[in-house]
Amino acid sequence: MSSPNEQSCPVCGVKIVSMIGGDRVLFSVGPPGTRAVLWQRVCKHTNKPGCINLDGSAR
Ligand SMILES: [Zn+2]
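Residue 89 in the working numbering sits at position 37 of the sequence shown, and the numbers go up by one each step.
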C-alpha cells in the first residue's frame with residue numbers, strides 16, 4: 053500500500069502529500085515546504101496546463 057494521499061505534479065516534478073493541517077510538498081532538492089512555497093518557487097513560473105498546483109493562492 054502506497055500513500056493514497058500522495059500526488060505528483062508532472063509539470064513541476066514535485067510530490068504533494070495531503071496531511072492534517074496542510075499539504076506537504078516534497079521538492080527534489082531542499083527541505084519540504086507547503087503548497088504556497090511550491091507556488092512561489094515553481095508553479096508561478098511554470099504556469100502550464102497539467103500543473104496540479106495552479107490554484108496556489110486558493111488553498
Ligand atoms: Zn506544479
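Beta carbons: idealized from backbone N, C-alpha and C, even for Gly. Values in this document were obtained by computation on a predicted structure and should not be read as measured data.
Cβ neighbours of residue 68 within its own chain (closer than 8 Å, five residues either side excluded): 58, 59, 60, 61, 75, 76, 77, 78, 87, 90, 104, 105. Between the C-alpha atoms of residue 102 and residue 96 there is a straight-line separation of about 13 Å. Assigned with DSSP and collapsed to three states, residue 63 falls in coil, not helix or strand. As a beta-bridge residue in DSSP terms, residue 76 pairs with 69.
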